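**Student:** So that we are looking at the same thing, I have put the structure below in structure tokens.
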Amino acid sequence: MNLGQWSVRNKVLLPVWIMAAFVVLVVSINLVILRSELERGHVEKVRALVESARSIAEESYRLAQDGTLSEEAAKDKARDAIRAMIFNGGARVFVFDEAGNRIVSDTVAEEGISAWGSQHTQDMIRNGLNGGGVTYYKGARTLDGVTTRGRPKAAWSEHFAPWGWVISSAVYLDDVSISFWNHLLRFAVIFGAVGVLVVVWVNAIVGSITGPVLRLTANMKQLADGDTDVTVEDTGRADEIGQMAAAMRTFVSYEQERHVLHEKLEELAFSDSLTGLANRASFQDRLQCELDRAAADGTHCALIVVDLDRFKTINDTMGHAAGDAVLIQTARRIEEAFGACAFVGRLAGDEFFVVLPDLPDVAEAMAQANQLVEAMRQPIMVEDAVLQVSVSAGVAAGPGDSASAPALFRFADLALYDAKQAGGNCVRAYRTQMGETIEKRFKLETMMNGALKRGEFKAAFQLKMDMATGHPAGAEALCRWVHPRLGNISPAEFIPVAEETGQIIAIGNMMLREACKFAVQVNHASARAMVIAVNVSPRQLMNGDFLIRLRDCLAATGCQPEWLELEITESLLLGEGGGVHETLEQIAAMGIGIAIDDFGTGYSALSYLHRFPITALKIDRSFMNGICSDPQQEILVRTILAMAHGLGLETTAEGIETEDVARKLASMNCRFGQGYLWHRPAPADETSGVMCGLAVA
Numbered sequence: 001m002n003l004g005q006w007s008v009r010n011k012v013l014l015p016v017w018i019m020a021a022f023v024v025l026v027v028s029i030n031l032v033i034l035r036s037e038l039e040r041g042h043v044e045k046v047r048a049l050v051e052s053a054r055s056i057a058e059e060s061y062r063l064a065q066d067g068t069l070s071e072e073a074a075k076d077k078a079r080d081a082i083r084a085m086i087f088n089g090g091a092r093v094f095v096f097d098e099a100g101n102r103i104v105s106d107t108v109a110e111e112g113i114s115a116w117g118s119q120h121t122q123d124m125i126r127n128g129l130n131g132g133g134v135t136y137y138k139g140a141r142t143l144d145g146v147t148t149r150g151r152p153k154a155a156w157s158e159h160f161a162p163w164g165w166v167i168s169s170a171v172y173l174d175d176v177s178i179s180f181w182n183h184l185l186r187f188a189v190i191f192g193a194v195g196v197l198v199v200v201w202v203n204a205i206v207g208s209i210t211g212p213v214l215r216l217t218a219n220m221k222q223l224a225d226g227d228t229d230v231t232v233e234d235t236g237r238a239d240e241i242g243q244m245a246a247a248m249r250t251f252v253s254y255e256q257e258r259h260v261l262h263e264k265l266e267e268l269a270f271s272d273s274l275t276g277l278a279n280r281a282s283f284q285d286r287l288q289c290e291l292d293r294a295a296a297d298g299t300h301c302a303l304i305v306v307d308l309d310r311f312k313t314i315n316d317t318m319g320h321a322a323g324d325a326v327l328i329q330t331a332r333r334i335e336e337a338f339g340a341c342a343f344v345g346r347l348a349g350d351e352f353f354v355v356l357p358d359l360p361d362v363a364e365a366m367a368q369a370n371q372l373v374e375a376m377r378q379p380i381m382v383e384d385a386v387l388q389v390s391v392s393a394g395v396a397a398g399p400g401d402s403a404s405a406p407a408l409f410r411f412a413d414l415a416l417y418d419a420k421q422a423g424g425n426c427v428r429a430y431r432t433q434m435g436e437t438i439e440k441r442f443k444l445e446t447m448m449n450g451a452l453k454r455g456e457f458k459a460a461f462q463l464k465m466d467m468a469t470g471h472p473a474g475a476e477a478l479c480r481w482v483h484p485r486l487g488n489i490s491p492a493e494f495i496p497v498a499e500e501t502g503q504i505i506a507i508g509n510m511m512l513r514e515a516c517k518f519a520v521q522v523n524h525a526s527a528r529a530m531v532i533a534v535n536v537s538p539r540q541l542m543n544g545d546f547l548i549r550l551r552d553c554l555a556a557t558g559c560q561p562e563w564l565e566l567e568i569t570e571s572l573l574l575g576e577g578g579g580v581h582e583t584l585e586q587i588a589a590m591g592i593g594i595a596i597d598d599f600g601t602g603y604s605a606l607s608y609l610h611r612f613p614i615t616a617l618k619i620d621r622s623f624m625n626g627i628c629s630d631p632q633q634e635i636l637v638r639t640i641l642a643m644a645h646g647l648g649l650e651t652t653a654e655g656i657e658t659e660d661v662a663r664k665l666a667s668m669n670c671r672f673g674q675g676y677l678w679h680r681p682a683p684a685d686e687t688s689g690v691m692c693g694l695a696v697a
């Protein structure tokens, strides 16, 4: 090429054309890149939306895993949150199961319906199951009331394996083509009009491009570093840079919304929805943190576990709405009692926790816990009803009791159990003996499993004497546990455990059967009727098949109803409803006697004595030791006997060990006596022999 032969005009235009060609090449490349970026940006937007939806599902799944929500409640929570996600004027996130059934759709009516018949649905599900990806397809689009079909779309799909969900969202790609052709047309017009000025404008153009790009790059880096507090400036331009800035603003907006949603979900995950307090999920970490700090600072950190007394009664009688109201008011009172320095939360049900950091000594925690118990004695107003609510509290302090959060919680729970066993409405601090007591109880419970089948529980019988004649009038069946290794285990130890575990029902049924058999044995050998008494626990009596078992037992042994007497406690009469009255009426109708055991130590609500078909009172052994020396004890026993005689009830005094006590009771017209003075509990055959011998004498 001989440039010397070219005209000046051409020589001047040559660099311009070269620059123009270069500009055309550069702009063309940029347009291609822009188209790709715009398309990628569209896909990334739906991808970000899908990832946000997946984050929602993950958060809900975690709530289900840690027990905060049930599996179904967690799924419902995730579906509701995903349904609410709308972008670009109405586009939504869709959720399918792995079989193509709609989990979340445009409308609730479509949910649960299979979409597998659509090829692009199958492709989206396959892409999701294969680790996530883009599905390109064509679909209908409605703009300004006009629907056109075959419009290009791109969908991003991801798999949420724990629930077998495939989460997808799609975007139309029309906007990419429209934006691209707009930019291309603008370039052609500008190039044709001002081509000769390209060289002059190049520096300005480069500056106008590189400046916003650098700022957008800085914004992207800020986002990549996890900082969502990003402000993308409005360039006021409609070119590629303006579109990129707009796309960037949209992306930043989605990220900020996702961040806010994540914070809200985190708040829900670590707070109790009813009371607004912290929940169990936040409890262990906070407690361990405070324990570590206390160990480092040389201070104390106390954990107080608080439980409402008899809360189930409120729920059962007034309904769960009233129960919730009580829980909310209790939460407020706990917050007020312990102040802002305490970390207060709700563990579950009617159980709360209080973490008290930076304590100079453990006594401070006990004092504050007692203040709470006192504050809770103030009535609570619920639905125009005045409720008297009390709480029990267990206190453990670290690092003294333990520097481990799980261990300290277990110790505080043991202290709470001790407070409950003491009758509630009180505070107990953890002691090492509590753990030993619980361990002993657990071992006892373990030993009881199968003890009945192995024949370790035996029936022993103690004579009941007629105080006037000195002859036997019957006996009481008493349960004895003879362990092959430990020997005799006291009923005071195993009966409460049997009551709690429900094994008292099987033990009670065995004792009822043995009492009936013994009644048949002694009455066949005696000229006068002998009544055999047997204890019936509240749990056994209120078991649905007790009356059936009682009738079957009488029939199977041949025992006459008048030979049998059932002993119950006063607390059963005062603590149960109409079911007890009906059951006792049916027992009385059968001709079986009903006695109140340990009378005088319980509630002694006299109205119950005539409302229920009671036939006898057994005066507790605690009155016997002082009856001859303590005038007040004597007055109490005389009062009980006078009341019983007035109501037409038979009376039996328990625990008689001396002749003086026996004579004193006989002088008071106590009909029957029972105690070591006459007979210690013994097996059936031995007791039967003694009974026959005394009857003859």
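Be aware that the sequence shown starts at 1, since it is given in UniProt numbering, and climbs by one per residue.
Glycine residues also receive a C-beta, built at the ideal position from the N, C-alpha and C atoms.
None of these values were measured; they are calculated from a predicted model.
(1) Across the segment 654 to 662 and the segment 478 to 497, are there enough close Cβ pairs to call them in contact, namely three or more that are closer than 8 Å?
(2) Apart from the five residues just before and just after P360, which ones in its own chain have a Cβ nearer than 8 Å to its Cβ?
(3) Give me the Cα-Cα distance between D97 and T68, rounded to the nearest whole angstrom.
(4) Beta carbon of N127, beta carbon of S105: below 8 Å?
(5) How is the beta strand (DSSP E) around Q462 delimited, first residue to last?
(6) Starting from R102, trace the beta strand (DSSP E) in both directions and tell me its first and last residue.
(7) Taking the alpha-carbon positions, what's the A340 to D80 distance?
(8) Give me the Cα-Cα distance between R286 and E336, rounded to the nearest whole angstrom.
(9) Kindly list the residues whose CB is nearer than 7 Å to the CB of G508, restricted to its own chain and excluding five residues on each side of it in sequence; keep chain order.
(10) Is V32 buried or exposed, if buried means 16 or more other CB atoms sit within 10 Å of its CB?
(11) What is the C-beta distance between Q674 and Q462, in whole angstroms, given that I count them as a contact (C-beta under 8 Å)?
(12) Determine, using beta carbons only, whether P561 and G600 come nearer to each other than 8 Å.
(13) To the nearest angstrom, how far is the alpha carbon of I594 from that of R621?
(14) As an exercise, report each continuous beta strand (DSSP E) stretch of at least 3 residues that is fully enclosed by the segment 544 to 611, in chain order.
(15) Hey, could you find the ends of the beta strand (DSSP E) N535 is sitting in?
(16) Tell me whether K45 is buried or exposed, calling it buried when 16 or more other Cβ atoms sit within 10 Å of its Cβ.
(17) Thinking C-beta only, is L572 closer than 8 Å to F494?
(18) Below 8 Å, how does it come out for the segment 458 to 475 and the segment 663 to 683: are there three or more Cβ pairs, yes or no?
(19) Here's the rule: buried if 16 or more other CB atoms are within 10 angstroms of the residue's CB, otherwise exposed. What is W165?
(20) Could you please give the first and the last residue of the uninterrupted beta strand (DSSP E) stretch that includes L347?
(21) With H, G and I counted as helix, E and B as strand and the rest as coil, what does DSSP make of E111?
(22) Using CA atoms only, rank isn't needed, just tell me which of E582, H645 and V637 is closest to A653.
(23) Note down the Cα distance separating I635 from D418, rounded to an integer number of angstroms.
(24) Looking at A322: is its Cβ nearer than 8 Å to the Cβ of E383?
(25) Can you tell me whether D307 is buried or exposed? The criterion is at least 16 other CB atoms within 10 Å of its CB, across all chains shown.
(26) How many Å lie between M624 and I656 at the Cα?
(27) Is it right to say A193 is buried, meaning 16 or more other beta carbons lie within 10 angstroms of its own, or is it exposed?
(28) State the DSSP-derived secondary structure class of V389, mapped to helix, strand or coil.
(29) Do G345 and S282 have their C-beta atoms closer together than 8 Å?
(30) On a Cα-Cα basis, can you pick out the residue from E255, T231 and T583 that is closest to L49?
(31) Buried or exposed, going by whether 16 or more other CB atoms sit within 10 Å of the CB of T446?
(32) By how many angstroms is the C-alpha of L609 removed from the C-alpha of M643?
(33) Would you call the segment 54 to 72 in contact with the segment 146 to 157, where contact means no fewer than 3 C-beta pairs closer than 8 Å?
(34) Just to confirm, is the Cβ distance from I627 to I614 under 8 Å?
(35) Indicate the three-state DSSP secondary structure (helix, strand or coil) for G626 in the structure shown.
(36) With a Cβ-Cβ cutoff of 8 Å, do A342 and V354 count as a contact?
**Tutor:** Based on what the coordinates show:
(1) The segment 654 to 662 is not in contact with the segment 478 to 497.
(2) The residue labelled residue 360 in the question sits at position 360 within the sequence shown. Within the same chain, T299 and H300 come within 8 Å of P360 by CB-CB distance, once the 5 residues on both sides are set aside.
(3) Counting from 1 along the sequence shown, the entry for residue 97 is found at position 97. Counting from 1 along the sequence shown, the entry for residue 68 is found at position 68. Looking at the two C-alpha atoms, the distance is approximately 24 Å.
(4) Here the question's residue 127 lines up with position 127 in the sequence shown. Here the question's residue 105 lines up with position 105 in the sequence shown. No, the Cβ-Cβ distance between N127 and S105 is not below 8 Å.
(5) Within the sequence shown, the letter at position 462 stands for residue 462. Residue range F457 to D466 is occupied by the beta strand (DSSP E) that includes Q462.
(6) The residue given as residue 102 occupies position 102 in the sequence shown. For R102, the uninterrupted beta strand (DSSP E) run begins and ends at R102 to V104, by DSSP.
(7) As a first step, residue 340 is located in the sequence shown; it is residue number 340 there, counting from the start. As a first step, residue 80 is located in the sequence shown; it is residue number 80 there, counting from the start. If you take the alpha carbons of A340 and D80, they lie about 35 Å apart.
(8) As a first step, residue 286 must be located in the sequence shown, where it is residue number 286. As a first step, residue 336 must be located in the sequence shown, where it is residue number 336. The C-alpha of E336 is placed about 20 Å away from the C-alpha of R286.
(9) By 1-based counting over the sequence shown, the position of residue 508 is 508. Apart from sequence neighbours up to five positions away, the residues of its chain that approach G508 with a beta-carbon distance below 7 Å are V536, S537 and Q540, ordered along the chain.
(10) If you number the sequence shown from 1, residue 32 lands on position 32. It counts as exposed.
(11) Residue numbering aside, residue 674 sits at position 674 when the sequence shown is read from its first letter. Residue numbering aside, residue 462 sits at position 462 when the sequence shown is read from its first letter. Rounded to the nearest angstrom, the Cβ distance from Q674 to Q462 is 6 Å, consistent with a contact under 8 Å.
(12) Position 561 of the sequence shown holds residue 561. Position 600 of the sequence shown holds residue 600. Judged by their CB atoms, P561 and G600 are not nearer to each other than the 8 Å cut-off.
(13) Looking up residue 594 in the sequence shown gives position 594. Looking up residue 621 in the sequence shown gives position 621. I594 and R621: Cα-Cα distance of roughly 19 Å.
(14) Correct list: 564 to 568 and 593 to 599.
(15) Walking along the sequence shown from the start, residue 535 turns up at place 535. Per DSSP, N535 belongs to the beta strand (DSSP E) from V531 to N535.
(16) As a first step, residue 45 is located in the sequence shown; it is residue number 45 there, counting from the start. Buried, since its Cβ has 16 or more Cβ neighbours within 10 Å.
(17) Here residue 494 is taken as the residue at index 494 of the sequence shown, counted from 1. Here residue 572 is taken as the residue at index 572 of the sequence shown, counted from 1. Pairing F494 with L572 gives a Cβ-Cβ distance that is not under 8 Å.
(18) Yes: at least three Cβ pairs fall under 8 Å.
(19) Indexing the sequence shown from 1 puts residue 165 at position 165. With 16 or more other Cβ atoms within 10 Å, it is buried.
(20) Against the sequence shown, residue 347 aligns to sequence position 347. Element bounds for L347: F343 to A348.
(21) Numbered from 1 along the sequence shown, position 111 holds the residue referred to as residue 111. Coil.
(22) Counting from 1 along the sequence shown, the entry for residue 653 is found at position 653. Answer by Cα proximity: V637.
(23) For the purposes of this step, residue 635 is identified with residue 635 of the sequence shown, where counting begins at 1. For the purposes of this step, residue 418 is identified with residue 418 of the sequence shown, where counting begins at 1. Their Cα atoms are separated by approximately 35 Å.
(24) In the sequence shown, the residue the question calls residue 322 occupies position 322. In the sequence shown, the residue the question calls residue 383 occupies position 383. A contact, by the Cβ cut-off of 8 Å.
(25) Locating residue 307 in the sequence shown gives position 307, counting from the first residue. Around the beta carbon of D307, 16 or more other beta carbons sit within 10 angstroms, so the residue counts as buried.
(26) Against the sequence shown, residue 624 aligns to sequence position 624. Against the sequence shown, residue 656 aligns to sequence position 656. Taking the straight line from one Cα to the other gives about 6 Å.
(27) For the purposes of this step, residue 193 is taken as the residue at position 193 of the sequence shown. The residue is exposed, with fewer than 16 neighbouring Cβ atoms inside 10 Å.
(28) Stepping through the sequence shown from its first residue, residue 389 is reached at position 389. Correct three-state label for V389: coil.
(29) Translated into positions along the sequence shown, residue 345 becomes position 345. Translated into positions along the sequence shown, residue 282 becomes position 282. The Cβ atoms of G345 and S282 lie closer than 8 Å to each other.
(30) Looking up residue 49 in the sequence shown gives position 49. Ranking the options by Cα distance to L49, first place goes to E255.
(31) If you number the sequence shown from 1, residue 446 lands on position 446. With fewer than 16 Cβ atoms within 10 Å of its Cβ, T446 is classed as exposed.
(32) The sequence position of residue 643 within the sequence shown is 643, counting from 1. The sequence position of residue 609 within the sequence shown is 609, counting from 1. Each residue's Cα considered, the two are about 10 Å apart.
(33) Flag = no, the segment 54 to 72 and the segment 146 to 157 do not touch.
(34) Along the sequence shown, one-based indexing puts residue 627 at 627. Along the sequence shown, one-based indexing puts residue 614 at 614. Going by C-beta atoms, I627 is not nearer than 8 Å to I614.
(35) Taking the first residue of the sequence shown as position 1, residue 626 is located at position 626. Of the three classes helix, strand and coil, the one that applies to G626 here is coil, per DSSP.
(36) Here the question's residue 342 lines up with position 342 in the sequence shown. Here the question's residue 354 lines up with position 354 in the sequence shown. Taking 8 Å as the Cβ cut-off, A342 and V354 qualify as a contacting pair.
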